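Trainee: Quick one: structure below, then a few questions.
In the UniProt record's numbering, the protein residues as written are 1 to 552.
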């Protein structure tokens, strides 16, 4: 395996890209790590639990894209290099002065904090090692860090460690659990037709053996595994998984690169039902009509065909980027069984054929599954009780969104204006707003997850609370103006702030529910200033806050 990795590394320039930070690189997230509904597309580099570290351009080039958003990457910078690669720097606190000025100019022109810009090659040229930003915690970041990517000409993210970005790692991956799966009704493992957890036994070498099993028919395996680096305790993703039967390789997962268009198929790679019910990710070491490009050298979809009176040795090799490897060995005895325990499958009136479109309707509610919404056929639980739609459990992965529609013609116009479709979350069935479109008397939402939905009402306007000032206060020595905004039911949709009738930029941090204006923008020049802030929620309720402050 070492030679395979070395060859792969030599396909990428080794001395072209420098580190984006000038501190020892310690990771909180690895490339292609399993995340909710996607593979992680870069390295998450720790920034010593603080914001404000200098972020350096890994190579010369030009800023080709800048995106500022409330969620996701937060403040993100994209630099395209002459060799065709693009580096990405995300969750930034702020940009370097020239880039910051460029961004704010366009934010004020468009009167929007959220913005996406595509500068030309001549506008923002960058030299290798130039400070381009300060590290931060913006967007969906769960703590201060730098998200760093390298993408190729087709926008495919590639593991930055393939380019020589080095991380200290001499620790072998860990295996938490292994499961065996009967692939059809005629296949059995230890007299059971159900998924079976196998007893994992660590041995002195650091590898594992699994208690021998008896099986017959077509079976596959799944693994729960993580990697760790030397300087951090984070549970990270592994780089490579291979499986062997009697010494011959039959399956490989190679996490060196992927495309964004396929990242959704992670939910087919993992045992999705197990993840939703047990909160841990078991990677299936077999391919069930999954188009992921991560699969390599797959024979018979990675499935073993076990015959009576045979003996097979199945091995799993888990590796990290530095070729630290952990092995698990399973001895399989082919045994035709006289009495077996079959799995009872629930049958409902609603059978979903994955390759066909399906419309379901009951009362005022309808559901549209488009062709290829699912990976396989299955029996669906479907019912409508009052305004609650019961749409199976969220244990079946989807390839794309489906549509849920409610006819609300029976409601008054006043009530209709406050209605939205909610996804019911958790055992308490908390109604979480699902982006709802109103067309006449029909409310529509799209979802990528099954579960329960309901009509919900929001009649309460957002709240607006000044944080660091009071009405009539002199703010001459203040750098920032801070206001907290909140909406507990449907959530904040938009906001608009003006001073003396002119729009001002206010950055929104949804994690702290805070709006912040930087007086250094130079937009507020009067002594007496009339501030007006309008905040609107997702249903259309709005609140207006007005006050006066002074500066000189």
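For each residue, glycine too, the CB sits at the ideal point set by N, CA and C. Here the structure is a predicted model, which means the values were calculated and not measured.
So the alpha helix (DSSP H) residue 18 belongs to, where does it begin and stop?
Mentor: As a working note, residue 18 is residue 18 in the chain shown. Element bounds for residue 18: n/a, residue is neither H nor E.
Trainee: Decide yes or no for the touch test of the region 142-159 against the region 177-195: beta carbon pairs closer than 8 Å, at least 3 of them.
Mentor: Touching, no.
Trainee: Can you check which of these residues, 84, 235 and 35, is closest to residue 151 by C-alpha distance?
Mentor: Stepping through the chain shown from its first residue, residue 151 is reached at position 151. Checking every option, the nearest Cα to that of residue 151 belongs to 84.
Trainee: What do you reckon, are the CB atoms on residue 306 and residue 250 nearer than 7 Å?
Mentor: The count along the chain shown starts at 1 and reaches residue 306 at position 306. The count along the chain shown starts at 1 and reaches residue 250 at position 250. No.
Trainee: Taking all protein chains shown into account, decide if residue 266 is buried (16 or more other Cβ within 10 angstroms of its Cβ) or exposed.
Mentor: Here residue 266 corresponds to residue number 266 of the chain shown, with the count starting at 1. Per the 10 Å Cβ criterion, buried.
Trainee: Hey, which unbroken runs of the beta strand (DSSP E) at 3 residues or more fall wholly within the region 252-295?
Mentor: List check, beta strand (DSSP E) in window: nothing returned.
Trainee: Quick one: what does DSSP say residue 54 is sitting in, helix, strand or coil?
Mentor: Within the chain shown, the letter at position 54 stands for residue 54. Three-state DSSP puts residue 54 in a strand.
Trainee: If you draw a straight line from the alpha carbon of residue 102 to that of residue 147, how long is it in whole angstroms?
Mentor: Reading the chain shown from its first residue, position 102 is the one you call residue 102. Reading the chain shown from its first residue, position 147 is the one you call residue 147. Their backbone Cα atoms lie some 22 Å apart in a straight line.
Trainee: Just the C-alpha distance for residue 158 and residue 237, rounded to the nearest angstrom, thanks.
Mentor: For the purposes of this step, residue 158 is taken as the residue at position 158 of the chain shown. For the purposes of this step, residue 237 is taken as the residue at position 237 of the chain shown. Going from the Cα of residue 158 to the Cα of residue 237 covers about 15 Å.
Trainee: Evaluate residue 178 with the Cβ neighbour count: other Cβ atoms within 10 Å of its Cβ, from every protein chain shown; 16 or more gives buried, anything less gives exposed.
Mentor: Against the chain shown, residue 178 aligns to sequence position 178. Burial call: buried.
Trainee: Give me whichever residues DSSP pairs with residue 545 in a beta bridge.
Mentor: The residue given as residue 545 occupies position 545 in the chain shown. Its beta-bridge partners are 533.
Trainee: Just how far apart, CA to CA, sit residue 131 and residue 447?
Mentor: The residue you call residue 131 lines up with position 131 of the chain shown. The residue you call residue 447 lines up with position 447 of the chain shown. Each residue's Cα considered, the two are about 41 Å apart.
Trainee: Between which two residues does the alpha helix (DSSP H) containing residue 416 stretch?
Mentor: Position 416 of the chain shown holds residue 416. That run of the alpha helix (DSSP H) goes 413-416.
Trainee: Please state whether the Cβ-Cβ distance between residue 464 and residue 535 is less than 7 Å.
Mentor: Within the chain shown, residue 464 is the residue found at index 464, counting from 1. Within the chain shown, residue 535 is the residue found at index 535, counting from 1. Yes. Within cutoff.
Trainee: Applying the 10 Å Cβ sphere with the 16-neighbour rule, what's the burial state of residue 521?
Mentor: Position 521 of the chain shown holds residue 521. With fewer than 16 other Cβ atoms within 10 Å, it is exposed.
Trainee: Assign residue 93 to one of three DSSP states: helix, strand, or coil.
Mentor: Your numbering for residue 93 matches position 93 in the chain shown. DSSP places residue 93 in strand when its eight states are reduced to three.
Trainee: Are the region 437-451 and the region 392-407 touching by the rule of at least three beta carbon pairs closer than 8 Å?
Mentor: Flag = yes, the region 437-451 and the region 392-407 touch.
Trainee: Expressed to the nearest angstrom, what Euclidean distance is found between the alpha-carbon atoms of residue 473 and residue 506?
Mentor: Translated into positions along the chain shown, residue 473 becomes position 473. Translated into positions along the chain shown, residue 506 becomes position 506. Residue 473 and residue 506: Cα-Cα distance of roughly 19 Å.
Trainee: Evaluate contact between the region 22-32 and the region 228-243, counting only Cβ atoms and requiring at least three cross-stretch pairs below 8 Å.
Mentor: Yes, they touch.
Trainee: By Cβ distance below 7 Å, which residues in the same chain neighbour residue 183 in space, the five residues on each side in sequence not counted?
Mentor: Taking the first residue of the chain shown as position 1, residue 183 is located at position 183. Excluding positions up to five away in sequence, the list reads 218, 219, 220 and 303.
Trainee: How many angstroms separate the CA atom of residue 44 from the CA atom of residue 242?
Mentor: Looking up residue 44 in the chain shown gives position 44. Looking up residue 242 in the chain shown gives position 242. Rounded to whole angstroms, residue 44 to residue 242 spans 25 Å at the Cα level.
Trainee: Look at the alpha carbon of residue 3 and the alpha carbon of residue 326, and state the distance between them as a whole number of angstroms.
Mentor: Taking the chain shown and counting its residues from 1, the one referred to as residue 3 is at position 3. Taking the chain shown and counting its residues from 1, the one referred to as residue 326 is at position 326. Note that residue 3 scores a pLDDT of 35, beneath 50, so its modelled location is shaky and nothing firm can be said.
Trainee: For residue 253, which residues of its own chain have a beta-carbon under 6 Å away from its beta-carbon, when the five flanking residues on both sides are left out?
Mentor: Mapped onto the chain shown, residue 253 falls at position 253. Excluding residues within five positions, the ones whose Cβ falls inside 6 Å are 241 and 294.
Trainee: I'd like the list of long-range same chain contacts for residue 7, defined as Cβ closer than 8 Å, with 5 residues on each side in sequence excluded.
Mentor: Numbered from its first residue, the chain shown carries residue 7 at position 7. Bear in mind that the predicted position of residue 7 carries a pLDDT of just 39, short of 50, making it too unreliable to give a figure here.
Trainee: Taking residue 118 as the reference, which of 62, 501 and 32 has the closest Cα?
Mentor: The residue given as residue 118 occupies position 118 in the chain shown. Out of 62, 501 and 32, 62 has the C-alpha closest to the C-alpha of residue 118.
Trainee: Leaving out five residues before and five after residue 437 in sequence, what residues of the same chain have Cβ atoms less than 6 Å from its Cβ?
Mentor: To locate residue 437, count along the chain shown from 1; it is residue 437. 444, listed in sequence order.
Trainee: In the DSSP assignment, what are the bridge partners of residue 38?
Mentor: One-based indexing of the chain shown puts residue 38 at position 38. Bridge partners of residue 38: 35.
Trainee: Using DSSP with H/G/I as helix, E/B as strand and the rest coil, what is residue 163?
Mentor: Taking the chain shown and counting its residues from 1, the one referred to as residue 163 is at position 163. DSSP places residue 163 in helix when its eight states are reduced to three.
Trainee: If I measure Cβ to Cβ from residue 5 and keep anything under 7 Å in the same chain, skipping five residues before and after, which residues do I get?
Mentor: For this step, residue 5 is matched to residue 5 along the chain shown. Because residue 5 carries a pLDDT of 40, less than 50, the predicted location of this residue cannot be relied on, and the following value inherits that uncertainty. Hits under 7 Å: 323.
Trainee: What are the start and end residues of the beta strand (DSSP E) that includes residue 539?
Mentor: Numbered from its first residue, the chain shown carries residue 539 at position 539. Unbroken run through residue 539: none, as it is neither H nor E.
Trainee: Could you give the DSSP three-state label for residue 519: helix, strand or coil?
Mentor: Here residue 519 corresponds to residue number 519 of the chain shown, with the count starting at 1. Looking at residue 519 - three-state DSSP - the assignment turns out to be helix.
Trainee: Leaving out five residues on either side along the sequence, give the residues of the same chain with a beta carbon under 6 Å from the beta carbon of residue 224.
Mentor: Reading the chain shown from its first residue, position 224 is the one you call residue 224. So the qualifying residues of the chain are 176, 177, 280 and 282.
Trainee: Take residue 239 as the anchor and find which of 228, 399, 248 and 245 has the nearest alpha-carbon.
Mentor: Within the chain shown, numbered from 1, the residue matching residue 239 stands at position 239. When only C-alpha atoms are compared, the closest one is 228.
Trainee: Contact defined as beta carbons within less than 8 Å: I believe residue 548 pairs with residue 458. What is the distance between those atoms, to the nearest angstrom?
Mentor: What you label residue 548 is simply residue 548 of the chain shown in a count that begins at 1. What you label residue 458 is simply residue 458 of the chain shown in a count that begins at 1. Between residue 458 and residue 548 the Cβ distance is about 31 Å, and since that is not below 8 Å, they are no contact.
Trainee: Starting from the Cα of residue 173, find the closest Cα among 365, 126 and 328 and give me that residue.
Mentor: Locating residue 173 in the chain shown gives position 173, counting from the first residue. Nearest C-alpha to residue 173: 328.
Trainee: Between the beta-carbon of residue 114 and the beta-carbon of residue 55, is there less than 7 Å?
Mentor: Residue 114 sits at position 114 when you count from the first residue of the chain shown. Residue 55 sits at position 55 when you count from the first residue of the chain shown. In this structure, residue 55 does not lie closer than 7 Å to residue 114 by Cβ.
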